[in-house]
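There are 2 protein chains.
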Amino acid sequence: MSHSARSALTGPAAPVPTEAEPRLRRIQDVGAELGLTARAIRYYEELGLLAPAARSEGAYRLYDADDVERLRFIKGLRDDAGFSLTEIGQLLEDEAMRARNRDRFRTTEDPAERRAIVTDTLGRVERQIESLREKMARLAGMVEEAEGRRDHLRLHLSELDAGREPAPHVHTRSGSRPVAATLDETGQ
Amino acid sequence: MSHSARSALTGPAAPVPTEAEPRLRRIQDVGAELGLTARAIRYYEELGLLAPAARSEGAYRLYDADDVERLRFIKGLRDDAGFSLTEIGQLLEDEAMRARNRDRFRTTEDPAERRAIVTDTLGRVERQIESLREKMARLAGMVEEAEGRRDHLRLHLSELDAGREPAPHVHTRSGSRPVAATLDETGQ
DNA sequence: GTTGACCTTTACGTTAACGGCAAGGTTGTG
DNA sequence: CACAACCTTGCCGTTAACGTAAAGGTCAAC
Chain A
1 MSHSARSALT GPAAPVPTEA EPRLRRIQDV GAELGLTARA IRYYEELGLL
51 APAARSEGAY RLYDADDVER LRFIKGLRDD AGFSLTEIGQ LLEDEAMRAR
101 NRDRFRTTED PAERRAIVTD TLGRVERQIE SLREKMARLA GMVEEAEGRR
151 DHLRLHLSEL DAGREPAPHV HTRSGSRPVA ATLDETGQ
Chain B
1001 MSHSARSALT GPAAPVPTEA EPRLRRIQDV GAELGLTARA IRYYEELGLL
1051 APAARSEGAY RLYDADDVER LRFIKGLRDD AGFSLTEIGQ LLEDEAMRAR
1101 NRDRFRTTED PAERRAIVTD TLGRVERQIE SLREKMARLA GMVEEAEGRR
1151 DHLRLHLSEL DAGREPAPHV HTRSGSRPVA ATLDETGQ
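First to last, the protein sequences are chains A and B.
Throughout the first sequence, residue numbering follows the numbering used here, covering 1 to 188 in sequence.
Throughout the second sequence, residue numbering follows the numbering used here, covering 1001 to 1188 in sequence.
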């Protein structure tokens, strides 16, 4: 029992996983998992969204689980939240500061300073949340509007099915009232 | 009572609002209200997101309230939901079909056909909602994650304020469990 | 120790979503 | 009618976010 097996699946290039080591992965491997190209990842590093990755002896970029998490976070901000890379940079700058704060926290004993650090970090996180919530709220507004149209159509349809003529067709344009309060979650 | 007044405010260029007419506005006017440049609006028309606008005798683009609504919708999809103009094109194609369906609906008497049309329209709206909800759900996930961090920090802070040392610092990395279930909506 | 898949940097190309300018036409007002 | 402030259609420029190709180095496996 020395080599054999798993070479059939992994091809001619794979980092050696010894014992309980940090588990470092190469760029394309990580990219494939996250749905990012190697170029995109390098670009993010170039923009400073990631710290310069660790390197192998031959200068290959190597990523650990934390790096992958950060990349996943970036991809989330981009795809899910629709932030630009510049905006993401802001949000991550806050994150970087949080990391630095953790260090500062550990290297001081002064309770007042510690409190200040945590308070600062808390503020950053809260602003991050605020930023996300704002987007969500506006998105929610659009969903509600669409749901209003949906409910109107459903009503219309049930009237048709009842064999009667459609209602006066109120033409509920540019409405801002809270439609569909009781019907919430009726779909699917 | 013939002219006078309102020329002091409106400057040397404004469409004449007679009686109860449709109220048509020029491109920059509309753009200013929506936070869009004239160029952007023309570009949207060029991409087919808007139907070619009505024109004045001198070929000026003229927009009515519906056009403005549609533009507001587009801007919402872009800024709030973060969709690309191409994606917006898809969503609006569905909307265009809905409009055509309204016409088809009015020009037929066959109840079966009418039902089919409404059903089709309903399907489109539901897909639109689905699309928005998907984005919202992922965004909500990110918010929850951030709220988890926030709550952790708050706890930490209150411990500091109590004069004690911080808790073991659980290092809750890459967590996927539903943090902060009971603490929901504690902020603001 | 040679291969083949992967990596490196460098650099130019591409697409989306407009910005900006030129050259000229239109409109409401004085 | 003259004027300022808008508008029109080109058309080229720009920024973001990568794609892609070149020229070469690395790495695990055979």
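Even glycine gets a Cβ: it sits at the ideal position worked out from N, Cα and C.
As the structure is a computational prediction, the values presented were derived from the model and not from experiment.
- Within 10 angstroms of the beta-carbon of residue 66 (chain A) lie fewer than 16 other beta-carbons, which makes it exposed.
- In summary, residue 1131 (chain B) is buried, with 16 or more beta-carbon neighbours lying within 10 Å of its beta-carbon over all protein chains present.
- Selection B:1055, B:1072, B:1047, B:1119 evaluated against residue 1085 (chain B) yields B:1047 as nearest (Cα-Cα).
- For residue 1108 (chain B), same chain residues with a beta-carbon under 7 Å away, outside a window of 5 residues either side, are 1114 in chain order.
- Comparing alpha-carbon positions, the option among B:1111, B:1117, B:1043, B:1072 lying closest to residue 1061 (chain B) turns out to be B:1043.
- Partner residues in the beta bridge of residue 62 (chain A), as assigned by DSSP, are A:54.
- Selection A:53, A:148, A:121 evaluated against residue 70 (chain A) yields A:53 as nearest (Cα-Cα).
- A direct Cα-to-Cα measurement between residue 1143 (chain B) and residue 1101 (chain B) gives close to 39 Å.
- Straight-line measurement puts the Cα of residue 97 (chain A) at about 18 Å from the Cα of residue 1151 (chain B).
- In terms of Cβ geometry, residue 1117 (chain B) and residue 1104 (chain B) form a close pair [threshold 9 Å].
- Identification of chain A residues near residue 1080 (chain B) by a Cβ-Cβ cut-off of 8 Å yields 135, 138, 139, 141, 142, ordered along the chain.
- Judged by DSSP in its simplified three-state form, residue 26 (chain A) adopts coil rather than helix or strand.
- DSSP, read as helix, strand or coil, puts residue 1109 (chain B) in coil.
- At least 9 Å separates the beta-carbon of residue 81 (chain A) from that of residue 1129 (chain B).
- Sequence-distant partners of residue 92 (chain A) (beyond 5 residues in either direction) whose C-beta falls short of 7 Å from its own C-beta, in its chain, are 49.
- By the neighbour-count definition (other C-beta atoms within 10 Å, threshold 16), residue 1031 (chain B) is a buried residue.
- For residue 1067 (chain B), not one C-beta of chain A is nearer than 9 Å to its own C-beta.
- Looking at the backbone, the Cα of residue 121 (chain A) and that of residue 1154 (chain B) are separated by about 10 Å.
- Collapsing the DSSP output to three states places residue 1083 (chain B) in coil.
- A straight line joining the alpha-carbon of residue 1041 (chain B) with that of residue 106 (chain A) spans about 54 Å.
- Contact of residue 1118 (chain B) with chain A by beta-carbon distance below 7 Å involves 153, 156, 157, 160.
- Shown here, residue 140 (chain A) sits in a helix according to DSSP, grouped into three states.
- The CB of residue 1128 (chain B) comes closer than 7 Å to the CB of 146 in chain A, given here in chain order.
- By the C-beta density criterion, residue 1055 (chain B) is exposed, having fewer than 16 other C-beta atoms within 10 angstroms.
- Counting along the chain, residue 77 (chain A) sits inside no alpha helix (DSSP H), nor does DSSP assign it H or E at all.
- Residue 125 (chain A) has its alpha-carbon roughly 14 Å from the corresponding atom of residue 73 (chain A).
- An exposed status is given to residue 39 (chain A), since fewer than 16 other beta-carbon atoms sit within 10 Å of its beta-carbon.
- Look at residue 1037 (chain B) here: in three-state DSSP terms it is coil, with no helix or strand label.
- Residue 1140 (chain B) and residue 157 (chain A) have their C-alpha atoms some 32 Å from each other.
- CA-CA distance, residue 162 (chain A) to residue 1090 (chain B), rounds to 33 Å.
- Around residue 22 (chain A), no beta-carbon contact reaches into chain B at under 9 Å, the shortest distance being about 14 Å.
- Scanning chain B for C-beta atoms nearer than 8 Å to the C-beta of residue 121 (chain A) yields 1153, reported in chain order.
- Secondary structure of residue 1031 (chain B) (DSSP, three-state): helix.
- In this structure, A:79 is the residue among A:79, A:127, A:25 with its C-alpha nearest to the C-alpha of residue 1138 (chain B).
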